[in-house]
Amino acid sequence: MSDINLILYRDSKTYDISELVESIKWKGRKGSAARSVSISLLDCKGAQSGIDVTKGHQLIFSYKGKELFRGMIMSQQQSESFKMPITAYDNGIYLSNNKDTFVYENKTVHDIFIDVCKRFGIKYSDVAKTSYKIPELTKSKTTAWDAILDAISQDFKATGTKYYVNSSKGVLSLIKRREDILQWVLETGGNIMSYTYKKSIEDIKTRLKILSDEDKVYAVKKNTELEKKIGIFQDIEKKDDDLSEAKLQEHIKETLKEISTPEISLSVEALGIPDVISGVGVYVIIDELGIKRTFYVDEDTHTFKGGSHTMNLTLNSVNE
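Under the numbering used here, the first residue of the sequence shown is numbered 851, with each subsequent residue one higher.
And the structure:
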């Protein structure tokens, strides 16, 4: 697998262990703090890596000259098979594996992200400037990742701007999501090898009721046309006093639009594209189903084995 380069950092030295690699699975999931690699290594006399997870050994995985992953090995297994499966995580793992109590007043997502990174000694750079000050955010005895996700969610609710956390070359960044970037195309008869398409209304809602703190009805918004077809399915939500009337009405409108949309998911096995990972949009063409539109990657697993690179994707029609 000459396209694969695997570097091990062990005992303050670097070792190229690419020749020991049998296969690599590089994966991530939307909403997860860290991406990971699961690697099968040869482990026999004369062909051993010397990995010991208790010593904080690090890996860098590159494909065709481009670094895809950098992180710490956290699991290893050895047996009479003379193979060593290992799993490593990028430094997003420090967000999901550290707990504390987080209390913020009038702080931006930018402020909160930096505070969390400093609190746990996590390297960071390229932190997007955010202007909205969250009135109050209190997270008791929870993970650093949960605190950051809550802050991002509150900012999005108030401004409509999406941010995400990225790990690159051992450094975390807070990045503003762009919706206008060029999308990769996945197409049957081309790079799609197989697919499974699912459509469901099991969790759909046709109306949204907004309640005050006293549980009095503040507003009700309906999808009348949908109710004519499938009946009433109602959700309720507490009124957010921190939002202006205009912002609240916009929030109600957008929320109903989202929850009244059928769940459409698509699982695809395709030829591998390193840039296609969880959170990005891809343009999908499946002529057999009449599909020609954008889907978003909820989960991705890239497999590198025997000189080939394939990817299994779970796609969603809604970019949540």
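From the three backbone atoms N, C-alpha and C, an ideal C-beta is built for every residue, glycine too. All values derive from a computational prediction rather than experimental measurement.
Item: Sorted by chain position, which residues of the same chain lie with C-beta nearer than 7 Å to L918's C-beta, five sequence neighbours on each side aside?; Value: W876, F911, S912 and P1124
Item: Quick check on F970: does DSSP put it in helix, strand or coil?; Value: coil
Item: Could you pull out every unbroken alpha helix (DSSP H) segment of at least 4 residues lying fully inside the stretch 883-951, listed in chain order?; Value: 943-946
Item: Considering just the uninterrupted stretch of the beta strand (DSSP E) at L1165, what are its terminal residues?; Value: S1158 to N1166
Item: By the DSSP assignment, the alpha helix (DSSP H) with T993 in it spans what residues?; Value: First-last for T993: I984 to T993, but that is the beta strand (DSSP E), not the alpha helix (DSSP H).
Item: Go ahead and label D1005 buried or exposed: buried means 16 or more other beta carbons lie within 10 angstroms of its beta carbon, across all protein chains shown.; Value: buried
Item: If you draw a straight line from the alpha carbon of L1172 to that of Y1013, how long is it in whole angstroms?; Value: Because the chain is modelled from 851 through 1170, residue 1172 falls outside the range shown and cannot be assessed.
Item: Kindly indicate which residue of A1120, L892 and S888 has the alpha-carbon position closest to the one of S925.; Value: S888
Item: Out of S1017, N948, T988 and F932, point me to the one whose CA is closest to E955's CA.; Value: T988
Item: Looking at the structure shown, is Q1099 part of a helix, part of a strand, or coil, going by DSSP?; Value: helix
Item: Less than 8 Å between the beta carbons of T951 and K991, yes or no?; Value: yes
Item: Look up K875 in the DSSP assignment and say whether it is helix, strand or coil.; Value: strand
Item: How is D1053 classed by DSSP in three states: helix, strand or coil?; Value: coil
Item: I1025 and A1001: beta carbons closer than 8 Å?; Value: no
Item: Nearest CA to the CA of D1065: which residue from K1089, A994, G1081 and D853?; Value: K1089
Item: What is the DSSP secondary structure of E1064, counted as helix, strand or coil?; Value: coil
Item: What first and last residue would you give for the beta strand (DSSP E) that runs through K1142?; Value: I1141 to K1155
Item: Let's test the definition: count the other Cβ atoms within 10 Å of the Cβ of D853 and tell me whether it reaches 16, buried, or not, exposed.; Value: exposed
Item: Can you pull the DSSP bridge partners for T864?; Value: Y859
Item: Could you pull out every residue in the same chain whose Cβ sits closer than 6 Å to the Cβ of G1131, ignoring the five residues on either side in sequence?; Value: Q1033, T1144 and Y1146
Item: Using the three-state DSSP reduction, which class does A1001 fall into: helix, strand or coil?; Value: helix
Item: Out of curiosity, what's the CA-to-CA distance linking K1059 and S1003?; Value: 21 Å
Item: Within this structure, are the beta carbons of N1073 and L1116 separated by less than 8 Å?; Value: no
Item: Can you give me the start and stop residues for the alpha helix (DSSP H) that L1076 sits inside?; Value: T1074 to I1080
Item: If L1022 and N941 are in contact, beta carbons under 8 Å, what's the gap, nearest whole angstrom?; Value: 6 Å
Item: Could you check what DSSP says for T1009 in three-state terms: helix, strand or coil?; Value: helix
Item: Below 6 Å CB to CB, which residues in the same chain sit around Y865 once its five sequence neighbours on both sides are set aside?; Value: L858
Item: Which first and last residues belong to the beta strand (DSSP E) in which Q1084 is found?; Value: Q1084 to K1088
Item: For the candidate residues R1028, E1149, S1018 and T1111, whose alpha-carbon lies nearest to that of I1051?; Value: T1111
Item: I1082 and R1057: beta carbons closer than 8 Å?; Value: yes
Item: Taking three-plus beta-carbon pairs below 8 Å as touching, is the stretch 885-904 in contact with the stretch 927-943?; Value: yes
Item: Just to confirm my understanding: we take K914, look at its own chain, exclude 5 residues before and 5 after, and list those with CB closer than 7 Å. What are they?; Value: D853
Item: Am I right that G1129 and K880 are in contact with their C-beta atoms under 8 Å? What's the rounded C-beta distance?; Value: 5 Å
Item: Applying the criterion that 16 or more other CB atoms from any shown protein chain within 10 Å of the CB defines a buried residue, is L856 buried or exposed?; Value: buried
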